[in-house]
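Taken in order, these protein sequences are the chains called A and B. Numbers in the numbering used here are just positions in the first sequence, counted from 1, shifted up by 3. Numbers in the numbering used here are just positions in the second sequence, counted from 1, shifted up by 16. For every residue, glycine included, the Cβ atom is placed at its ideal position computed from N, Cα and C. Here the structure comes first, spelled out in structure tokens, and everything after it is commentary.
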Amino acid sequence: MRYAMAVDTRKCVGCSDCVVACQTENNVPIGYCRDWVVEVIDGTYPQLEMEIRSERCNHCVNAPCVRCCPTGASHMVDGGIVLVKQSECIGCGACMESCPYDARYPHPSGYVDKCTFCEHRIKNGMSPACVEVCPTKCLHFGDLDDPNSDVSVVLKKRKSKTLIPEAGTDPQLYFLI
Amino acid sequence: MTSRRNFIKISAMGAGVLAVGAGGYKVIKTLSSPEEVEKLVVDLKRTPTYCEICFWKCAGWVYKTSEGKIWKIIGNDEDLHSNGRFCPRGTGGVGMYYDEDRLKTPMIRVEERGKQIFREASWDEAFSFIAEKMKIIAKEHGTECIALFTHGSGGKYFGDLLKAFGSTNIAAPSYAQCRGPREVAFIATFGEGLDSPEPTDIRDTKCLVLIGSHIGENMHNGQVQEMSDAIDKGATIITVDPRFSTAAGKSKYWLPIKPATDLALLLSWIHVIINEEYYDKKYVEKYTYGFAQLADAVKNYTPEWAYGITTIKPDIIRKTAKEMANAAPAVIVHPGRHVTWYGDDTQRERAVAILNALLGSWGRRGGFYRSETFELPSYPHPAFPETNRTWRDAFPGKFVLADLALASGVCEATIPVTTRDCSYKGWIINGTNLIETLPNQKQTIEAIQNLDLMVVIDTMPMEITGWADVILPECTYLERYDSLRTSPHRKPQIALRMPAAEPKYNTRSAYWMARQLAIKLGLEAYFPYENIEEMLDWQLKEIGSSLEEMQRIGVKTMPRETGDLYFADNEDIEFYTNTGKIELYSTSFVNEGFDPIPKYTAHPEPPQGFYRLIYGRAPMHTFTRTSNNPNLFDLMDENSLWVNPKVAKEWYLKNEQEIFVMNQDGVKSQFPIKVRITERIRWDSVYMVHGFGHADKKLSRTYGRGASDTKLITNVMVDPIMGGTGMRGNFVTFLTNLDETEVAS
């Protein structure tokens, strides 16, 4: 089993619904977020291109945050989801430093927090909150080992890219272009 | 590397990268561990609602924690407005409930208007105060001298109260400050308006043409969703906008038009479609009136003529016209929603309507469908009294084609003039921040200073509450029942809103307030039900449902009774116009002395050193009402002034630099606004998101953040046809060296 997400940049309008849905679903304190939106503009008026991306933890196969965690709080579970065990996290921030995607934040309670792919939901057969809410249906989630999963189907059909592939982390957040 | 939490992200792709949705502010919520979150998932308690954060009114479920605290709001899968997916504002609706700045108890003003000095009052005292003043106004000036301004669900009950009292002056700024011109234009053309949600069949369209409409930034949920579906299906999007909007970024053609020249482009498209015989001949022949006059009227509007005006190249005008024709009838030239721009907006919208008629998209799949509204029985009450005067009496012979009251008109008719025998003396305002909604703030404040009574009913302190005599704190939509939602759609539906929690503080629902006030005024008979639940249950039982059923399902879909969504092939149709046809040549306009076919007239251009002020929406906010919502503030906490890099260079402006803005009349922004240097805006214009620059200190988060576009809109171009207030004719310049206190004074 290998969970992954694909973000359709052709459809994303950058509304940030994924951000607020995650915040309410996971009780992320106000002022912090586990996912965010990036807008990239290229060109000169009026020859312009725009890419909008909903970003979050890449749940890397080769996750530097897991490798560098001194206590083992950062760990990987079934399906390749990278999680933080709060009780074992000492808040040293090594994982935050090592993440090429800046996907983690220091929770005010003293531990480091990040996207969990809404593990508590997917194990009950639901999609992550961001996927479920997205008005443009630009987020696709599922098991890459299942050829019929939403994410497998869409990645087969469309061209995609990952961010900073040269970091060698084998990220599992794909962007359909 | 630079942190995203510092708001700017560096990327390989080039200039202008901005991260949104990441802030860094004080923590106000207590936190739950994942274990606790997990527990919440199993212990689900949910109640139905429909959203009140904007006018789209999506239906959903409010989920609570096992301790009964409001947790999250999720769309109802049965709901046609949201298809089970709420927009960011609806998702962040919980913040409206938790906002600690809410109005908490009734208040009565103790000093002069504008000084925000109030004392707390009991409900009974507040209602007695209002009722006494209303009776005095009725005696001295007549019941009609009280007007209601409303934008929200409570309007129904305050409206009924006012009608029972003897006034039909009920105005919503959503008409003359927003969508009025397009309603009048479509009524003149097709015999019916567009209403809300608009019956645009975007999901099945092959070509979507947006003219200044920024779907995706305006988060009209169903339309955003359907635009996404259309992108999936390979539809062509053509966006006309001086700004590289989000929609422009998803378009096959972006036409970066010179602002204020849209009508020239539309007329030129009509010219091409007629001249190249791209129009739907069978449809035009069968359904329309005045084709020959139209063809003659547009014969000189060539693409070459339009090029000099719009800066859009003739071959692009021809190509895009061809794209529309190829897609027809599955094409939508979108009418937009906020269309009060230049004072000739009804005529511009007429051109939009004519274009759709020529392409045969009205009543066709992928064009405009025939929506249906479920008709609920009204609760029984005595007949409303006859009234002698309406807002129209203040404007003899003017705006006769307006089909609803003008909020700006009522405002103007509140300032006494010798030629008018009576001006408005009382305003009741529910859910609309008039100071920031009506253009020309000076006039709004002058009108307010002439009132004998001003009541504001709202959930939040706003600029407008500061001017009130009495403030009545309304509970949020998450704490109350309201009327059933029956808006038009592909299938008729009803949706229930019920409280997910008891009202916080000393707040109450509109129904309760209107009824209590009715009792004080001796009008109790108009509100026969003590509780709104009884009324809703009666209404629902009349149609074979019940309150209990709706509490369980939230949304109920009813069968269509008006036939198919689209015209059948060769179907005979009688349109509700004078001729019974789609009027390319408008007989109602010509009868009233207006051009029966739109004509292009040029609009003023910015003086040297000034730039046209364009404003719009952000997906995470609704007007001025959400900027203090903690969840939505977290997504976007201020607006910025978009400036083209060429202009920024000329003015030595830096990204993120705080400046003041001044308009052509010397009116300055009250607060500084940050510059955003971006290629996304033309060099002759600047842009800001509407709804910021709040001047009410009681809004602890949003006070003083960003600038208010409304404050800078002092030049208002009134549409002679229906009284819409054109607001895009204001020009601003940058003040980079001024002392802050001097500007703010």
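- Residue pairing by DSSP places M678/B opposite K684/B, T749/B in a beta bridge.
- Taken through DSSP and simplified to helix, strand or coil, I247/B comes out as helix.
- If you ignore the 5 residues before and after W39/A, its C-beta comes within less than 7 angstroms of the C-beta of V22, E58, all in its own chain and listed in chain order.
- Excluding residues up to 5 positions away in sequence, P103 lie with their Cβ nearer than 6 angstroms to the Cβ of I167/A in the same chain.
- Residues H143, V154, V157, L158, Y177, L179 of the same chain have their beta carbon placed closer than 6 angstroms to that of A9/A, with the five preceding and five following residues left out of the count.
- The Cβ of C67/B sits no closer than 8 angstroms to any Cβ of chain A.
- CA-to-CA, the gap between R353/B and F384/B works out to about 15 angstroms.
- Within the stretch 716-749 of chain B, not one residue has a Cβ closer than 7 angstroms to any Cβ of chain A.
- Using a Cβ distance threshold of 8 angstroms, F174/B and A526/B count as a contacting pair.
- Proximity to V288/B across E301/B, K298/B, F687/B, N316/B peaks at N316/B, based on C-alpha coordinates.
- Cβ contact annotation for K329/B (same chain, cutoff 7 angstroms, sequence separation greater than five): Y323, in chain order.
- Runs of the beta strand (DSSP E) spanning 3 or more residues and lying entirely within the stretch 95-147 of chain A occur at 142-146, in chain order.
- Taking 8 angstroms as the threshold, the shortest C-beta distance from I44/A to chain B falls below it.
- Rounded to the nearest whole angstrom, the CA to CA distance from V426/B to A418/B is 13 angstroms.
- Note on geometry: alpha-carbon atoms of H167/B and G84/B lie some 30 angstroms from one another.
- Of the residues Q686/B, A634/B, G625/B, S716/B, the one whose Cα lies closest to the Cα of T749/B is G625/B.
- In the DSSP assignment, D11/A falls outside any alpha helix (DSSP H) and lies within the beta strand (DSSP E) extending over 6-11.
- For S244/B, the nearest beta carbon of chain A is closer than 8 angstroms to its own beta carbon.
- The beta carbon of S19/A sits closer than 8 angstroms to some beta carbon of chain B.
- Interface criterion not met: the Cβ of R641/B is under 8 angstroms from no Cβ in chain A.
- In the same chain as E320/B, and ignoring 5 residues on each side of it, the C-beta atoms closer than 8 angstroms to its own belong to P330, in chain order.
- Judged by beta-carbon spacing, A106/A lies beyond the 8 angstroms limit of C95/A, meaning their Cβ atoms are not closer than that value.
- In this model, R5/A and L147/A are separated by some 5 angstroms (Cα to Cα).
- Taking CB atoms only, M636/B has a neighbour in chain A less than 8 angstroms away.
- Interface with chain B (8 angstroms Cβ-Cβ cutoff): V64/A is excluded.
- Collapsing the DSSP output to three states places H505/B in a strand.
- For Q241/B, the C-beta contacts it makes with chain A under 8 angstroms involve P138, T139, K140, in order along the chain.
- Assignment of M235/B by DSSP, reduced to helix, strand and coil, places it in the coil class.
- Residues of the stretch 80-109 of chain B whose Cβ lies closer than 9 angstroms to any Cβ of chain A, in chain order: W87, K88, I89, I90, G91, S98, N99, G100, R101, F102, C103, P104, R105, G106, T107, G108.
- Inclusion of L371/B and V349/B in the CB contact set at 8 angstroms is warranted, their separation being smaller than that value.
- Burial is judged here by how many other beta carbons sit within 10 angstroms of a residue's own beta carbon; P455/B has at least 16 and is buried.
- Any Cβ of chain B closer than 8 angstroms to the Cβ of G128/A would place that residue at the interface, and such an atom is absent.
- In this chain, the beta strand (DSSP E) harbouring K690/B covers 689-693.
- Residue L629/B holds the alpha-carbon nearest to the alpha-carbon of G745/B among P646/B, L629/B, A723/B, M738/B.
- Among the bridge pairs identified by DSSP, C194/B is matched with none.
- Of the candidates T435/B, E695/B, Y719/B, E695/B places its Cα closest to the Cα of P272/B.
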